[in-house]
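K.L.:
First the structure, which I've put down as structure tokens, then a few questions once you've had a look.
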Amino acid sequence: MDNRRKVSNPLALAVLAFLLMEPMHPYELGRRLQETDKDRSFKYNRGSLYMVVKQLAKAGFIVERETVRDTERPERTLYALTDEGRHELYDWLRELVAMPAEEYPNFGAALSLLSVLNPTEAVDLLRRRTAALEARTLEIREGVRAATDGGVAWVFLVEEEYRLAVLEAELRFVTRLIESLQQPDYITTWHTVFGSQHDSD
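The sequence shown runs 1 to 201 under full-length UniProt numbering.
Right under this line is the structure:
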């Protein structure tokens, strides 16, 4: 994440975006994240959400507007977006949309060390991954279809379409990788390089 950002947690971007609509307290922000399924795109829990809100307030991006009291719930502080926060939201979002960033997914790290595994075991594990990817792909397709049938505009589902495209691309990649790992020349090479170490494990 860009070190220029006073608050670099991506969850902060979601908080700024929701506060663009109206002032809210952290509890309401969390509820909106869940209601709109944005919690699938932003990793958070109650503690991390409150921490990000405090960081944004300290940075001057949001400010306390008022404290709401009622008889059923503890008092809650409403936060509003500042002009500086509005600028940060648009500047950060434009950067993320326009500029590809180097990311370090766990699967990529595992692939860089895949040759350590016995080819047979690697194939078995990747087949299990394929099944999981297919199940997740089906789940997203059904969710998008239900939302579309319910009248949700496509632009509010674009992150799910992106997630689906990434999963489908990974499925194709894993399928080709399984085929490559089963080739006799790779198996022979693996046994030459790693076979003895694996046998002694």
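Even for Gly, the Cβ is constructed at its ideal location relative to N, Cα and C. Note that the coordinates shown come from a computational prediction; the quantities given were computed from them, not determined experimentally.
May I ask you to list the residues that DSSP assigns as paired with M24?
P.N.:
Paired residues: Y79.
K.L.:
Check F107 in the structure and name its three-state DSSP category.
P.N.:
Three-state result, F107: helix.
K.L.:
Work out the CA separation of E35 and residue 202 for me, nearest whole Å.
P.N.:
As displayed, the chain neither begins before 1 nor continues past 201, which places residue 202 out of reach and without an answer.
K.L.:
Taking Cβ to Cβ, would you say L177 is nearer than 9 Å to L126?
P.N.:
The answer is yes: Cβ separation under 9 Å.
K.L.:
Does the separation of the CB atoms of E168 and G143 fall below 9 Å?
P.N.:
No, Cβ-Cβ distance for E168 and G143 is not below 9 Å.
K.L.:
What residue does the alpha helix (DSSP H) around V53 start on, and which one ends it?
P.N.:
Segment R46 to A59, the alpha helix (DSSP H) holding V53.
K.L.:
Please report how far the alpha carbon of M1 lies from the alpha carbon of P184, in whole angstroms.
P.N.:
Residue placement at M1 cannot be trusted, given a pLDDT of 45 that sits under 50; the coordinates are not used to answer.
K.L.:
For T188, report the span of its alpha helix (DSSP H) as first-last.
P.N.:
Counting along the chain, the alpha helix (DSSP H) containing T188 begins and ends at P184 to V193.
K.L.:
Quick check on the DSSP output: the alpha helix (DSSP H) that includes E66 runs from which residue to which?
P.N.:
Where E66 is concerned, there is no enclosing alpha helix (DSSP H), although the beta strand (DSSP E) it sits in stretches over I62 to V68.
K.L.:
Judging by CA-CA distance, which residue of L114, P100 and M99 is the nearest neighbour of N106?
P.N.:
Minimum Cα distance to N106 is reached at L114.
K.L.:
Assign M24 to one of two classes, buried (16 or more other C-beta atoms within 10 Å of its C-beta) or exposed (fewer than that).
P.N.:
Looking at its Cβ environment, which holds 16 or more other Cβ atoms inside 10 Å, M24 is buried.
K.L.:
Here's the rule: buried if 16 or more other CB atoms are within 10 angstroms of the residue's CB, otherwise exposed. What is R4?
P.N.:
With fewer than 16 other Cβ atoms within 10 Å, it is exposed.
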